[in-house]
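Visitor:
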Amino acid sequence: MFRNAEFHCRVRRYNYQLVGHRLTIRWVQNELACAIDCLIYGNGCKSYNYKHNDRNGQNLCELNSSNQRNNPASLVYSISFQYCERVS
Numbered sequence: 000m001f002r003n004a005e006f007h008c009r010v011r012r013y014n015y016q017l018v019g020h021r022l023t024i025r026w027v028q029n030e031l032a033c034a035i036d037c038l039i040y041g042n043g044c045k046s047y048n049y050k051h052n053d054r055n056g057q058n059l060c061e062l063n064s065s066n067q068r069n070n071p072a073s074l075v076y077s078i079s080f081q082y083c084e085r086v087s
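Okay, so the sequence shown: first residue is 0 according to numbering that gives the first Met the number 0, each after it adds one.
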């Protein structure tokens, strides 16, 4: 399914998250799982917000329908979050 899939960040921002464009919330084991969930979601997922949580091995993953390029005012300072913009 993902033989030719590629995911890396065009933009990575630490202590920032994109707000107002959330598609869904997932609980994942790590940031890679968040990126994979964005790929599985399809072309509707343009970026994700990831927050490491030290409890129970579950970390917050928010899939977004937009990105910083299209909505720069939606990227806000938010401690502990990482924002990543999908390239492909």
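The C-beta atom is built at its ideal place from N, Cα and C for all residues, glycine as well.
Given the structure is predicted, the values throughout are model-derived calculations rather than measurements.
Let me check understanding here. Comparing Cα to Cα, which of SER64, TYR15, ARG21, THR23 lies closest to SER77?
Guide: If you number the sequence shown from 1, residue 77 lands on position 78. The residue with the shortest Cα to Cα distance from SER77 is TYR15.
Visitor: If I measure Cβ to Cβ from ASN66 and keep anything under 6 Å in the same chain, skipping five residues before and after, which residues do I get?
Guide: One-based indexing of the sequence shown puts residue 66 at position 67. So the list reads LYS45, SER46, GLU84, once near-sequence residues are dropped.
Visitor: Please classify ASN69 as buried or exposed, where buried requires at least 16 neighbouring CB atoms within 10 angstroms.
Guide: As a position in the sequence shown, residue 69 is number 70, starting the count at 1. Classification for ASN69: exposed.
Visitor: Taking only three categories from DSSP, how would you classify SER64?
Guide: The residue given as residue 64 occupies position 65 in the sequence shown. The answer is coil: DSSP assigns SER64 none of H, G, I, E or B.
Visitor: How many Å lie between VAL86 and TRP26 at the Cα?
Guide: Within the sequence shown, numbered from 1, the residue matching residue 86 stands at position 87. Within the sequence shown, numbered from 1, the residue matching residue 26 stands at position 27. Each residue's Cα considered, the two are about 22 Å apart.
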